[in-house]
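In the working numbering, the protein residues as written are 42 to 222. Only one structure is covered here, and it is reproduced in the block below.
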Ligand SMILES: [Zn+2]
């Protein structure tokens, strides 16, 4: 018998695989995103542990199911078209990290502008980020830009999804810096 995850992703093509939180727990719940609008089924499915299924308001679901897929918490199967994925990345972390808004730059240009800002930041505090996540983010961002310039948006959002995961390392480093000694 197919799992709930399999049932909900039937008839849909995966456009991105994302890891939206750093968590070592196994997921116990499957959060179903809103209807995609371009066909049957949800825009995304998020696998979450008990602690994380209580939060994450930036991922508003329409339903929650018991998970039997044995996925790591934070796994997201995304079925949205690439333009919507670019917007989602901007909304969730890219704009917060770079100040670049897709409504000002539109489509793939948000990537080029984001890449420029991140490179500048790396040059500014390159020494303090020695061996840190920013270097990895800049590399993946460069790959995303190159793919977008070649017209391969699917490849670009794959690189961007990896940037999203690396950016969580940046946040936890910053949180760590702020923590009392
Ligand atoms: Zn979790």
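In this text, a Cβ means the ideal position worked out from N, Cα and C, and glycines have one as well.
- request: Determine the direct distance from the alpha carbon of residue 119 to that of residue 94, and round the result to whole angstroms.
  value: Roughly 17 Å between the two C-alpha positions.
message: To the nearest angstrom, how far is the alpha carbon of residue 48 from that of residue 87?
response: The C-alpha of residue 48 lies about 14 Å from the C-alpha of residue 87.
query: Exposed or buried, which one is residue 195 when buried takes at least 16 other CB atoms within 10 Å?
result: Under this definition residue 195 is an exposed residue.
task: Measure the CB-CB distance between residue 190 and residue 60 and report whether it falls below 9 Å.
output: No, the Cβ-Cβ distance between residue 190 and residue 60 is not below 9 Å.
task: For residue 105, count neighbouring Cβ atoms within 10 angstroms of its own Cβ and tell me buried if that reaches 16, exposed if not.
output: Per the 10 Å Cβ criterion, exposed.
task: Pick helix, strand or coil for residue 149, following the three-state DSSP scheme.
output: In the structure shown, residue 149 adopts coil according to DSSP, grouped into three states.
task: Please check the pair residue 126 and residue 198, which I expect to be a contact at CB under 8 Å, by giving their CB distance rounded to whole angstroms.
output: Going by Cβ atoms, the distance from residue 126 to residue 198 rounds to 5 Å, so yes, they are a contact pair.
Under 9 Å between C-beta atoms of residue 101 and residue 75: For residue 101 and residue 75, yes; Cβs fall inside 9 Å.
task: With DSSP as the reference, label residue 77 as helix, strand or coil.
output: In the displayed model, residue 77 falls within coil according to three-state DSSP, outside both helix and strand.
- prompt: Based on the DSSP output, what are the partners of residue 85 in its beta bridges?
  reply: By DSSP's assignment, residue 85 forms a beta bridge with 119.
query: With DSSP run on the structure shown, which of helix, strand or coil describes residue 208?
result: DSSP places residue 208 in the helix class (H, G or I) of the three-state scheme.
field: DSSP three-state assignment for residue 55, whether helix, strand or coil
entry: When secondary structure is reduced to three states using DSSP, residue 55 falls in the coil class, being assigned neither helix nor strand.
- request: In the DSSP assignment, find the unbroken beta strand (DSSP E) run with residue 189 in it and report its ends.
  value: For residue 189, there is no enclosing beta strand (DSSP E); the enclosing alpha helix (DSSP H) has its first and last residue at 174-190.
message: Please list the terminal residues of the continuous alpha helix (DSSP H) segment that includes residue 94.
response: Here the alpha helix (DSSP H) through residue 94 covers 91-94.
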